[in-house]
Amino acid sequence: MAAPLADAAPEVPGNEVPAATLAAIRDAAMQSDWAMARLSELTDRVGSRLSGSSGLEAAVQQVAQTMRQLGARVSLQPAKVPHWVRGAEQAALVAWPGQPAGLEQPLHLTALGTSSATPAQGLTAPVLVVKDFAELERRTAEVPGHIVVFAARFDQNLADNGQAGEAYEQDGVYRFTGPARAAALGAVAALVRSVGGADYRLPHTGQTTFKPGQAPIPAAALAAEDTDLIVRLAAQGEVHLHLLLTPQTLPDADSFNVIADWPGREHPEQVVVVSGHLDSWDLATGATDDGVGVMGAAAVLQVLKQLDLHPRRTVRFIAWTNEENGGRGARAYFDSVSGQLSMQVAAIESDMGAGRALGVQAAVAPSAVPQLRAVTRALLPIGASVLQVRDHAPGADISALQAAGVAAFAPLVDTRHYFDIHHTAADTLDKVDPLNLRSQAATMAVLAYFLAEVIEPVAGIAPVAAATVAH
Ligand SMILES: [Zn+2]
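What the sequence shown shows, in the numbering used here, is residues 209 to 679, in sequence order.
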């Protein structure tokens, strides 16, 4: 007599998901130009998608329509998002040591999100160059009335060696918090050396954050070359800049997360999220940040449809709104599921650019590692077999889920050149190698199917119990 099915549990956890199915998913994604075609529609027809813009609104409708055409169950989840709009941005050196009479030198810069405007005629002030926060602290008495220039440099060596995220965090802190610190000390404006490795005089925008109740000051990113020019001149004597910025902060706007469900055959209430963020900065079309993430994730459902696969649990595509300057989409989703977090089985987000997939980043319990070998084995033929286990979320929009104990993932990708163009006017479709996008889609499709099909859910990192951190 045949043993009951329950006794046939596999010896290696995860082996019940057939390797042949994972291989078929991988191969279908590697042979498909669907994601690249959708990315082209998004970037060429819609363009930039900053929160509050009509571009983001159009993108929400476009992606929702695409997912309806796949036969997914689509809903729009509302979120109120910040609405900051860029205005004019001009700057010039107007005084420097050895300045020939009558000369000015124009500077390349771009305002940072939440920057306030200068007076309508601009402002002119002396600069104070600091290389780091320690120098700012030593020279606090000199700050009032000055434009503080943060001259810290992006560590391209780290990026070249596969540690671009670390390089971004290290240098990005001057953009994230430098203007607020300068404002608190009496600066009239703050400029930061552009974060990233761009060598083509491209300023790198992004969000800067002021403290609650603190009035923003004008804040912008200077092109790396222009910052270095100011550093050289300021070492010789006093330098004065003229600065004109006219951004506006408008009332919060309506936006939406696009949610598209591929219902599970056994446990439709249990969800595996696969996602990217739909909003982008306004200087370019956000092809790599994060058009590739959105369309790579959307392609997971396209592959499931093509192969007529319906895993046990629901695979839920999410195109997040407002990752770049608020995280309100992620917050709205988390709030909507926080009463039933056990139904959130896993979450994947792709938001590290358009490099080739090298494997999987996983914020999971150690016990999950043997299970996940089935995934990395399936990805070996496309060079994406690395399993990089980490202790924190590999994506901003899934960080609240991860912190609450949900297993969290991202494709591990080659980021050596991501920050060359990130948040600059050069983040356009031509930067995306279609083969790289296929490899990211394949990685997410194999991973998402596995997570939705495996019998024993992959365990996340248990949240630190409140009692143990209370003292
Ligand atoms: Zn991003």
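Just so it is clear, CB atoms sit at the ideal spot from N, CA and C, and this is done for glycine as well.
Are the region 234-250 and the region 268-278 in contact at 8 Å, needing three or more beta carbon pairs? The region 234-250, when compared against the region 268-278, does touch it at the 8 Å Cβ threshold.
Closest to Gly258 by CA distance: which of Val621, Asp497, Thr326, Asn365 is it? Here residue 258 is taken as the residue at index 50 of the sequence shown, counted from 1. Checking the sequence shown, residue 258 turns out to be Leu, not Gly. Taking only the C-alpha atoms, the option nearest Leu258 is Asp497.
In terms of DSSP beta bridges, what is Lys288 paired with? In the sequence shown, the residue the question calls residue 288 occupies position 80. In DSSP, Lys288 forms a bridge with Asp462.
Mind reading off the beta-carbon distance from Thr623 to Ala372? Whole number of angstroms is fine, and I expect it under 8 Å. Taking the sequence shown and counting its residues from 1, one reaches residue 623 at position 415. Taking the sequence shown and counting its residues from 1, one reaches residue 372 at position 164. Thr623 to Ala372, Cβ: 4 Å. Contact.
Can the beta-carbon of Asn465 be found closer than 7 Å to that of Gln285? As a first step, residue 465 is located in the sequence shown; it is residue number 257 there, counting from the start. As a first step, residue 285 is located in the sequence shown; it is residue number 77 there, counting from the start. For Asn465 and Gln285, yes; Cβs fall inside 7 Å.
Pick helix, strand or coil for Ser575, following the three-state DSSP scheme. Residue 575 sits at position 367 when you count from the first residue of the sequence shown. Residue state, collapsed to three classes: helix.
Just to be sure I understand the criterion: a residue counts if its Cβ is closer than 6 Å to at least one heavy atom of ligand 1. Which residues meet that? Those residues, listed in chain order, are His485, Asp497, Asp498, Glu531, Asp559.
Are Pro642 and Met238 closer than 7 Å when you measure CB to CB? Counted from its first residue, the sequence shown places residue 642 at position 434. Counted from its first residue, the sequence shown places residue 238 at position 30. In this structure, Met238 does not lie closer than 7 Å to Pro642 by Cβ.
Span separating the alpha-carbon of His291 from that of Leu458: Position 83 of the sequence shown holds residue 291. Position 250 of the sequence shown holds residue 458. Taking the straight line joining both Cα atoms gives about 5 Å.
Cut-off 6 Å between Cβ atoms - residues of its own chain near Gln415, not counting five sequence neighbours on either side: Within the sequence shown, numbered from 1, the residue matching residue 415 stands at position 207. Around Gln415: Gly321, Asn533.
Just to confirm, are His316 and Asp460 a CB contact at a threshold of 7 Å? The sequence position of residue 316 within the sequence shown is 108, counting from 1. The sequence position of residue 460 within the sequence shown is 252, counting from 1. Cβ atoms of His316 and Asp460: not closer than 7 Å.
Pull up the DSSP beta-bridge partners for Thr522, would you. As a working note, residue 522 is residue 314 in the sequence shown. For Thr522, which the question treats as bridged, DSSP gives the partners Val479.
How would you call Ser546, buried or exposed, if buried means at least 16 neighbouring beta carbons within 10 angstroms? By 1-based counting over the sequence shown, the position of residue 546 is 338. So Ser546 counts as exposed.
Opening and closing residue of the beta strand (DSSP E) in which Leu430 lies: Counted from its first residue, the sequence shown places residue 430 at position 222. In this chain, the beta strand (DSSP E) harbouring Leu430 covers 427-430.
Just to confirm my understanding: we take Val337, look at its own chain, exclude 5 residues before and 5 after, and list those with CB closer than 7 Å. What are they? Walking along the sequence shown from the start, residue 337 turns up at place 129. Closer than 7 Å at the Cβ level, and outside the excluded window around Val337, lie Val357, Ala359, Ile438, Val439, Ala442.
With the cut-off set at 7 Å, would you say Val194 and Pro665 are in Cβ contact? The structure shown does not extend to residue 194, since the chain is modelled only from 209 through 679, so no value can be given for it.
For Ala538 and Val511, the rounded distance between their alpha carbons: Your numbering for residue 511 matches position 303 in the sequence shown. Your numbering for residue 538 matches position 330 in the sequence shown. Distance between the alpha carbons of Val511 and Ala538: 25 Å.
Between Asp462, Gly567, Leu620, which has its C-alpha nearest Lys288's C-alpha? Position 80 of the sequence shown holds residue 288. Minimum Cα distance to Lys288 is reached at Asp462.
Skipping 5 residues on each side, what residues in its chain have a beta carbon closer than 8 Å to that of Pro212? Translated into the one-based positions of the sequence shown, residue 212 becomes position 4. Confidence at Pro212 is low in this model, with a pLDDT of 47, below 50, so its placement is unreliable and the value that follows should be read with caution. Once the five neighbours on either side are set aside, Pro212 has no close Cβ partner at all.
Whole-angstrom distance between Ala349 and Ala618, CA atom to CA atom: For the purposes of this step, residue 618 is identified with residue 410 of the sequence shown, where counting begins at 1. For the purposes of this step, residue 349 is identified with residue 141 of the sequence shown, where counting begins at 1. Those two C-alpha atoms are separated by around 45 Å.
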